[in-house]
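To start, the structure under review is shown below, and the notes come after it.
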Amino acid sequence: MSERKIGYAEVGAGTFLVVLSGLVFAETRDIAPPLYDPLGSAAIPQVVALVVAGMAAAVALSGIRRLRVPEADASEPGVVSEAQAATTPEQAMLFVALCAVYLVVMGVGLVPFAWASLVFVTAAGTVLGQRRPAAAAIALLLGVLLGFGGKYVFTHVFFLDLPQ
Amino acid sequence: MDFLSTFVALLAPAPFFYILLGTAAGVFVGAVPGMTGGMLIALTLPLTFYMDSTNALIMLVAMYVGSVSGGMISATLLRMPGTPSSIMTTFDAYPMARDGQPERALGIGIGASFIGGITAGVVLVVLSPPLSRWAMLLGPWEYFTMVLMALVLIASLSHGSMLKGLLAGALGMLMATPGLNPTDAQMRLTFGWHELDGGFHLLPVLLGIFVMSQLIKEAVTILQRPKRLQIGKGSVFLKPGEWAGHWVNLLRSSVIGTFIGILPGVGSSISSMVAYAAAKASSKTPERFGTGSEEGIIASEAGNNANVGGALVPLVTMGIPGSPIDAILLGALILHNLQPGPLLFINNPEIVWSMINAYLIANVLMLIIMVATVRAIARIMYVERSFLLPTVFVFCVVGAYADSSEIFDAWVVLGFGLLGFFLERAKIPLGPFVIGFVLTPILEGQLRSGLMLSDGSYLPMVTRPVSLLFLLVAILMLFSPMLGTLRRRRAVLGRPGKQD
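So this is what it looks like as structure tokens:
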């Protein structure tokens, strides 16, 4: 991964964590004072939130410094390396979106586990398999196996609850 | 129940089957690029809810042994470590395989894994009972400073900068604080969501961090296809005579791996790195390291397998995970209503001895399985990831939902998966996060108990000798990188430390 990408990731992660620890720290003000022990329930989350905020800010600053350094990149502008061409962040985003939809439809009780899993595995397998017909066919078969076969195995062999 | 009687009991068909199944599954999954032992164990854990506790735990331990060894296969043939602990193995095993000796590279790795595992097993058997008795003498201050030391250790030894390691550990601690606090039954940091009344449950967090983040990472690189080397017809089983000249390296690497494993929180990738560095420093041909050196393969594989056994020592004697994967085993103990800690040896000796014996038997089975099936695994280990990723996610959802019957936990998997993915993009390691998450309840509970016993005084932390020792180690680990930087800067500026 290039230095610039690491820099952006550091700034993003650092900023997010500073905000998160700020929210946590603010929430600790609602914790009642200690009754039985000298420390109470608020102390550890407050100290840890401050430590996280401080370190996250340092990481974000390190990211900003990294972004300021001109990248010693040997590649020509506009030329994409083989490794870069093989990364597909949009595929990953689509996969995550499909995962979220899968959880939403089961969570609201719209679709039971077996059907939801069939559609999810088929859709995700097709998308990640570059939408090739062969990949779609195999994904559909796998979806049937996991959805209906999985439902039987998980409930009757392992006795697990499934989202209905 | 003692060592021998439990050993004999595990040779019965049912428990032996679980150890065999666990080892075989671990070897195969460890060999598949993109799948790790942590993922396998985390995904299997919910499936063991209704199993007998002993059978569940011995199967999970066997998976751990198998997966650390299985990672060597893809490291050798694909130059992709199947598990993080096999990273150092790629440096020498792949060049050796590429130069026409894949069978020898695999054979050396398999043999070294076996020796490393058995060496650690001996230490595990000898050290665990007295250590568990000693651990009973520890009080809350000793536990607090030991956990603190574990967090600093893993942060300082993890990949990349120590600041990021400490940040990851602290973030894990922060994520462990929401919910009902057991010390005083106070509800905190729920942000008004009743789903957070019990805090973030361990299993969904582990599935998110270990599994989901890896799935997203694999989705980003799904078009990358590694070139696979073929195994010839030569034997991968090396006769005892072929190990001549390697015994010192074998033993040294095994001991290094074992004792680094005993350090709380430090995983097998660190062991293999340290063993590799030690082997290179003492080698007569250090220039060969990284080009196909047999010594390099031996050091890495003996070190990482020995770490597995070493890491079981603090887990079974003190309830402190010796590595991030041991954090999952800790979760398994809790899920099966077993209380981790020094009393585990007293109250459930059959469980502890079963885990230890399962570890030893799994190492023997690993050797047999790897020698017998490595060719078959090499042919099928590259599983088309476009089908693997959605399948694994379905298993994650099932596992998370099974824990609490709440879809919220499946969202926790997705959420922590995204968090883990972006943390890794920023080169913030995930091992310290998991250790911080798992150890925080112990850390906070022990600190508050200690303060109640001492009427609010922090003095016992420094007046009790063992507590002071742990605290000093933590401080040393925290500041030693800074001292190193200072010394290097002085050398660069040409300022002598002493006048001649």
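Residue numbers (this note's numbering), protein chains in the order written: chain C, 1 to 164; chain A, 165 to 664.
All C-beta atoms, glycine included, are put in the ideal place defined by N, C-alpha and C.
| said: Can you pull the chain C neighbours of A:Asn-345, defined as C-beta to C-beta under 7 Å? | reply: Walking along the second sequence from the start, residue 345 of chain A turns up at place 181. When 7 Å is used as the limit between beta carbons, A:Asn-345 is near these residues of chain C: Ser-41, in chain order.
| field | Proximal chain A residues relative to C:Thr-155, where beta-carbon distance stays under 9 Å | value | As a working note, residue 155 of chain C is residue 155 in the first sequence. What C:Thr-155 touches in chain A: nothing, since even the nearest Cβ is about 10 Å away.
| query | Can you name the residues that DSSP bridges to A:Gly-343? | reply | Looking up residue 343 of chain A in the second sequence gives position 179. Partner(s): A:Arg-352.
| field | Alpha carbon of A:Met-530 to alpha carbon of A:Gly-343, nearest angstrom | value | Working through the second sequence from its first residue, we reach residue 530 of chain A at position 366. Working through the second sequence from its first residue, we reach residue 343 of chain A at position 179. Those two C-alpha atoms are separated by around 41 Å.
| query | In chain order, which continuous runs of the alpha helix (DSSP H) of length 4 or greater are located wholly inside the region 212 to 271 of chain A? | reply | 217 to 241, 251 to 262
| query | For C:Pro-34, which residues from the same chain have a beta carbon less than 6 Å from its beta carbon, with the 5 sequence-adjacent residues on both sides left out? | reply | As a working mapping, residue 34 of chain C is identified with position 34 in the first sequence. Gly-40.
| task | Closer than 6 Å by C-beta to A:Phe-572: which residues in its own chain qualify, once you throw out the five before and the five after it? Chain order, please. | result | Within the second sequence, numbered from 1, the residue matching residue 572 of chain A stands at position 408. Here the set comprises Glu-359.
| field | DSSP three-state assignment for A:Leu-444, whether helix, strand or coil | value | If you number the second sequence from 1, residue 444 of chain A lands on position 280. Residue 444 of chain A is actually Lys in this sequence, not Leu. A:Lys-444: helix per DSSP, three-state reduction.
| As assigned by DSSP and simplified to three states, the class of A:Ser-621 | Here residue 621 of chain A refers to the residue found at position 457 of the second sequence. Coil at A:Ser-621, not helix or strand.
| said: For A:Ser-433, tell me which candidate among A:Leu-168, A:Leu-327, A:Asn-471 has the shortest Cα-Cα distance. | reply: Position 269 of the second sequence, counted from the start, is the residue given in the question as residue 433 of chain A. Ranked by how close their Cα comes to the Cα of A:Ser-433, the residues A:Leu-168, A:Leu-327, A:Asn-471 have A:Asn-471 in first place.
| said: Just checking: is the beta-carbon of A:Met-326 within a distance shorter than 8 Å of some beta-carbon in chain C? | reply: Stepping through the second sequence from its first residue, residue 326 of chain A is reached at position 162. Answer no: the Cβ-Cβ gap between A:Met-326 and chain C never drops below 8 Å.
| Cβ-based neighbour list, C:Gly-150, same chain, cut-off 7 Å, excluding 5 preceding and 5 following | As a position in the first sequence, residue 150 of chain C is number 150, starting the count at 1. Counting only Cβ-Cβ distances below 7 Å, and skipping sequence neighbours, we find Ser-117.
| task | Please report how far the alpha carbon of A:Gly-620 lies from the alpha carbon of C:Ala-32, in whole angstroms. | result | The residue you call residue 620 of chain A lines up with position 456 of the second sequence. The residue you call residue 32 of chain C lines up with position 32 of the first sequence. When rounded, the distance between both Cα atoms is 18 Å.
| request: Would you please state the rounded distance, in angstroms, between the beta carbons of A:Ile-222 and A:Ala-522? I believe it to be under 8 Å. | output: Locating residue 222 of chain A in the second sequence gives position 58, where the first residue counts as 1. Locating residue 522 of chain A in the second sequence gives position 358, where the first residue counts as 1. With 8 Å as the limit, A:Ile-222 and A:Ala-522 qualify as a contact, their Cβ atoms being about 4 Å apart.
| Are the C-beta of A:Met-337 and some C-beta of chain C separated by less than 8 Å? | In the second sequence, residue 337 of chain A corresponds to position 173, counting from 1. Yes, contact with chain C.
| request: Starting from A:Leu-578, find everything on chain C with Cβ-Cβ shorter than 7 Å and list it in chain order. | output: For the purposes of this step, residue 578 of chain A is identified with residue 414 of the second sequence, where counting begins at 1. What A:Leu-578 touches in chain C: Cys-99, Ala-100, Leu-103.
| request: Step through the CB atoms of chain A and report whether any lies within less than 8 Å of the CB of C:Thr-88. | output: Position 88 of the first sequence, counting from 1, holds the residue named residue 88 of chain C. Chain A, which has a Cβ nearer than 8 Å to the Cβ of C:Thr-88, makes this yes.
| request: Quick one: measure Cβ to Cβ for A:Gly-202 and A:Gly-235, integer angstroms, because I've assumed they're closer than 8 Å. | output: By 1-based counting over the second sequence, the position of residue 202 of chain A is 38. By 1-based counting over the second sequence, the position of residue 235 of chain A is 71. Not really, about 11 Å apart at Cβ, beyond 8 Å.
| Alpha carbon to alpha carbon, what distance is there between C:Ala-114 and A:Gly-454? | Stepping through the second sequence from its first residue, residue 454 of chain A is reached at position 290. Stepping through the first sequence from its first residue, residue 114 of chain C is reached at position 114. Going from the Cα of A:Gly-454 to the Cα of C:Ala-114 covers about 49 Å.
| message | Assuming A:Lys-734 is part of the alpha helix (DSSP H), what are its boundary residues? | response | An answer regarding residue 734 of chain A cannot be provided, because it is not within the stretch 165 to 664 covered by chain A.
| query | Does the beta carbon of C:Ala-74 sit closer than 8 Å to a beta carbon anywhere in chain A? | reply | Taking the first residue of the first sequence as 1, we reach residue 74 of chain C at position 74. Because the pLDDT at C:Ala-74 is just 48, under 50, the model does not fix this residue reliably, and the point stays unresolved.
| field | Beta-carbon proximity of C:Asp-37 to A:Thr-347, cut-off 8 Å | value | Position 37 of the first sequence, counting from 1, holds the residue named residue 37 of chain C. Position 183 of the second sequence, counting from 1, holds the residue named residue 347 of chain A. Cβ distance < 8 Å, so C:Asp-37 and A:Thr-347 count as in contact.
| If you draw a straight line from the C-alpha of A:Val-480 to the C-alpha of A:Phe-509, how long is it? | Here residue 480 of chain A refers to the residue found at position 316 of the second sequence. Here residue 509 of chain A refers to the residue found at position 345 of the second sequence. Straight-line Cα distance between these residues: approximately 7 Å.
| Touch check for the region 326 to 339 of chain A and the region 546 to 555 of chain A: three-plus C-beta pairs under 8 Å? | no
| request: Using three-state DSSP, classify C:Tyr-8 as helix, strand or coil. | output: As a working mapping, residue 8 of chain C is identified with position 8 in the first sequence. C:Tyr-8 falls in the helix class under three-state DSSP.
| Uninterrupted alpha helix (DSSP H) stretches inside the region 485 to 569 of chain A (no shorter than 4 residues) | 488 to 499, 507 to 511, 513 to 544, 549 to 568
| Per DSSP, what kind of secondary structure is A:Gln-610 in: helix, strand or coil? | For this step, residue 610 of chain A is matched to residue 446 along the second sequence. Helix at A:Gln-610.
| said: Whole angstroms are fine: how far does the CA of A:Gly-486 sit from the CA of A:Ser-436? | reply: Within the second sequence, numbered from 1, the residue matching residue 436 of chain A stands at position 272. Within the second sequence, numbered from 1, the residue matching residue 486 of chain A stands at position 322. Between A:Ser-436 and A:Gly-486, the C-alpha separation is close to 15 Å.
| query | Is it buried or exposed for A:Thr-627, if we count other Cβ within 10 angstroms and need 16 for buried? | reply | As a working note, residue 627 of chain A is residue 463 in the second sequence. Label assigned to A:Thr-627: exposed.
| task | Classify C:Ser-188 as helix, strand or coil using the three-state DSSP reduction. | result | Residue 188 of chain C cannot be examined here, being either before or after the span of chain C that is shown, 1 to 164.
| said: Does the CB of A:Asp-361 have a neighbour CB from chain E at under 8 Å? | reply: You won't find chain E in this structure, because its protein chains are C and A.
| query | Do we get a CB-CB distance below 8 Å when we pair A:Ile-599 with the residues of chain C? | reply | Working through the second sequence from its first residue, we reach residue 599 of chain A at position 435. No, A:Ile-599 lies away from the interface with chain C (no Cβ there is under 8 Å from its Cβ).
| said: Residues of chain C with CB closer than 7 Å to the CB of A:Ile-592, please, in chain order. | reply: On the second sequence, position 428 is the one that residue 592 of chain A refers to. Simply Ala-13.
| request: Please decide whether A:Thr-713 counts as near chain C, where near means a Cβ-Cβ distance under 8 Å. | output: As displayed, chain A neither begins before 165 nor continues past 664, which places residue 713 of chain A out of reach and without an answer.
| field | Separation of A:Leu-499 from A:Ser-568, as counted between CA atoms | value | Translated into the one-based positions of the second sequence, residue 568 of chain A becomes position 404. Translated into the one-based positions of the second sequence, residue 499 of chain A becomes position 335. Put simply, the backbone Cα of A:Ser-568 is about 12 Å away from that of A:Leu-499.
| message | For the pair the region 301 to 321 of chain A and the region 625 to 645 of chain A, tell me if three or more CB-CB distances fall below 8 Å. | response | yes
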